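Novice: Numbering (this note's numbering), first residue to last: 43 to 169.
Virtual Cβ for every residue (Gly too), placed ideally from N, Cα, C.
Note that the structure is predicted; figures quoted are calculated from it, not measured.
Below is one structure. I have some questions about it.
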Amino acid sequence: MFIDSFAWIEYFMGTVKGRTVKKIIDANEITYTSPTVIAEIFSKSVRTDGQDKARERADFIVDRCVLIQTDENIAVEAGRLHGEMKPLVRDFGLADAFILASARSKGAKVVTGDPHFKHREDVVFLG
């Protein structure tokens, strides 16, 4: 499973959706994330809880997930996905495309509640 930013935020907030994410993380199966997700979580955490909490959360994520580094194949796939999705989902961002491409590179489903990913077969939607 690939844990995206939405899922991590829910996890850190301790919501009902976050408890679902916790079960996935605690299942002792391989979980993935990406530098894009860490950047998004760090940014959000700095704004809401400060630098120290942001660093703590980033370290926590890295300790629990395999970090998928962006390479040329992921970048090209992200560009292709963004080009296909943008006309269909107006605010589908390039970060969304990188997350999906990164997950696909490992054959993993994206764990998220982000509405951009709703109704996709390759997503575990927190709804």
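1) Using three-state DSSP, classify residue 168 as helix, strand or coil.
2) Could you pull the DSSP bridge partners for residue 88 from this structure?
3) Considering residue 154, what are the terminal residues of the beta strand (DSSP E) in which it resides?
4) Residue 138 and residue 151 - do their beta-carbons sit closer together than 8 Å?
5) Ordered along the chain, which non-local residues of its own chain (more than five positions away) have a Cβ less than 6 Å from that of residue 131?
6) Do the segment 117-128 and the segment 86-93 meet, that is, are 3 or more Cβ pairs less than 8 Å apart?
7) Give me the Cβ distance between residue 100 and residue 80, rounded to the nearest whole Å; I'm assuming they're in contact under 8 Å.
8) Does the distance from the CB of residue 155 to the CB of residue 168 come in under 8 Å?
Specialist: In terms of the structure at hand:
1) In the structure shown, residue 168 falls within a coil segment according to DSSP collapsed to helix, strand and coil.
2) In the DSSP output, where bridge partners are listed per residue, residue 88 has none listed.
3) Here the beta strand (DSSP E) through residue 154 covers 152-154.
4) The answer is no: Cβ separation not under 8 Å.
5) 158
6) Output reads no: the segment 86-93 does not touch the segment 117-128.
7) 5 Å
8) yes
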